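The sequence shown begins at 1 in full-length UniProt numbering and counts up one residue at a time. From the three backbone atoms N, C-alpha and C, an ideal C-beta is built for every residue, glycine too. Just so we're clear, the structure is a prediction, and the values are computed from it rather than from any experiment. Only one structure is covered here, and it is reproduced in the block below.
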Amino acid sequence: MKNIEIELTDPQEQFLKLFAEKQYPGAKDNVCTSNAIHAVQTYRPEYIPYHQDQVEYYDGLPLKFTTDYDYEHWYDSEEELVQEWFERREENPPFEIKPYREMEYETFEANDDEIFVMNYDDYFKVYGIEWYAATWIKDDYEPVAFFFILDEAKRYIEYQRHNLTKPRTYTYSSGYSNYGDFNHFRDLLLSMGQKLNKEESIVVQSKSV
């Protein structure tokens, strides 16, 4: 054991006290996690380009469509895309707009041609749409900031909300059998905060006597 004397800024002192108050072993803010570290995550969906051969692997994921060459605006269904397509052009569709499944394996006459609908390419051609893109969207989150104190992670969400998408907090453990530096430094900060809180408590008690 070695004793050292250090100078703390006011914010450092306050954070150490709060850390010891909120993140002690077994505290609610540890979210049932040992040696907790809290992350703020932002929504970063994974886009998986549609391919008919991969339907069985991703069929449980939402499938979205676009005719936007910049891939910025996506529609939740093929019908929604077709409806918007004609509304933008102030035109009426040549056929009633139906979902792909209701038109599959049917033949339609469009643009002086017979189109047998076997896939989405055929479906959109029936309505005169030559180019489209389809993608499955898999929900995913990316950590963007880390905190020792859960309340500070929540506060970050409030002042950085304009830079985040569907933000949330997520609590990680330092890792199974982690014998590296993190746990030692976390314990050190906790010990410092506990000592500061104890000293403050003694001062308060002495003033109240």
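Q) Between the Cα of L63 and the Cα atoms of I48, E72, D53, which residue gives the shortest distance? A) Per the Cα distances, I48.
(Q) Could you check whether the region 167 to 187 touches the region 51 to 65, counting it as contact only if at least three pairs of C-beta atoms, one from each stretch, sit closer than 8 Å? (A) Because the criterion of three Cβ pairs below 8 Å is not met, the region 167 to 187 and the region 51 to 65 do not touch.
Q) Since H38 sits in a beta bridge, which residues does DSSP pair it with? A) F147, T171
Q. If you pair each beta-carbon of the region 122 to 137 with each one of the region 73 to 90, do three or more pairs fall below 8 Å?
A. yes
Q. Is the CB-CB distance between residue 233 and Y43 below 7 Å?
A. It is not possible to answer for residue 233, since the shown part of the chain is limited to 1 through 209.
Q: Determine the DSSP secondary structure at P94, reduced to helix, strand or coil.
A: coil
Q. Given a threshold of 16 other Cβ atoms within 10 Å of its Cβ, counted over all protein chains shown, does F95 qualify as buried or as exposed?
A. With fewer than 16 Cβ atoms within 10 Å of its Cβ, F95 is classed as exposed.
Q. Where does the unbroken alpha helix (DSSP H) through P11 begin, and where does it stop?
A. 10 to 22 is the extent of the alpha helix (DSSP H) around P11.
Q.
Starting from W85, trace the alpha helix (DSSP H) in both directions and tell me its first and last residue.
A. 78 to 89
Q | Cα-Cα separation between Y120 and H38, rounded to whole angstroms | A | 44 Å
Q: Mind checking who E114 pairs with in its DSSP beta bridge?
A: E109
Q: From the DSSP output, in three-state form, read off A153 for me.
A: Here A153 sits in helix by DSSP.
Q: Check K125 in the structure and name its three-state DSSP category.
A: helix
Q | Inter-residue CB distance, residue 213 and L188 (contact presumed, cutoff 8 Å) | A | Residue 213 lies beyond the stretch modelled for the chain, which goes from 1 to 209, so this question has no answer here.
Q: Would you tell me roughly how many angstroms separate the C-alpha atoms of K15 and Y156, rounded to the nearest one?
A: The question names Lys, but residue 15 is Phe in the sequence shown. A straight line joining the alpha-carbon of F15 with that of Y156 spans about 14 Å.
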